[in-house]
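Numbering (this note's numbering), first residue to last: 1075 to 1221.
Beta carbons: idealized from backbone N, C-alpha and C, even for Gly.
These numbers were taken from a predicted model, which means no experiment stands behind them.
See below for the structure under consideration.
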Amino acid sequence: IEYSPFRMELVRRNKEDKDSSNGEVILKVNELQWLHMETARNRTAEDPEEWWQEQHSSHTFHHDRGPEGVGCDFTFMGSQTLYGIPEHAASLALRDTFEYNTVTTEGGGGGGEGGRGQANEPYRLYNLDVFEYELDIPDSFTVPFLC
1075 IEYSPFRMEL VRRNKEDKDS SNGEVILKVN ELQWLHMETA RNRTAEDPEE
1125 WWQEQHSSHT FHHDRGPEGV GCDFTFMGSQ TLYGIPEHAA SLALRDTFEY
1175 NTVTTEGGGG GGEGGRGQAN EPYRLYNLDV FEYELDIPDS FTVPFLC
């Protein structure tokens, strides 16, 4: 764990290995520095209306204590596919929340290099009671269990 900036790595080690520096990193938390926390607040006259309500499809959700939330990036090292958020209307084979672009080098000599592109909608983790919903959307209906 590093505290400034905050980062965390989950390392898989052999049970018999007593050296804590050995092991394979399998998960990185906040690698891209996207940790963001919003806390409850009192409304002021300068606050934009969208801080206090948001629209999803035909539903309007009112936030009585303002915007509240926690966001963070998780990198699953060496994983091609991630499974296991059955509480979502999306496929169990989760899509990446980034589009990967191929950057090619002009003038020969090197081919392409993959880079991160434009962000798609993140998977939202909150409790919601919705009667009708679209399929293959990243919105959730209960806080998921990821395995």
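query: Beta carbon of E1120 nearer than 8 Å to that of D1147; result: no
query: V1103 vs M1082 beta-carbon contact at 8 Å; result: yes
query: Unbroken beta strand (DSSP E) run spanning M1111, endpoints; result: H1110 to E1112
query: DSSP-derived helix/strand/coil call for E1142; result: coil
query: Burial state of P1079 (16 or more Cβ within 10 Å); result: exposed
query: Simplified DSSP assignment, three categories, for E1076; result: strand
query: Pairwise C-alpha distance: W1126 and Y1077; result: 32 Å
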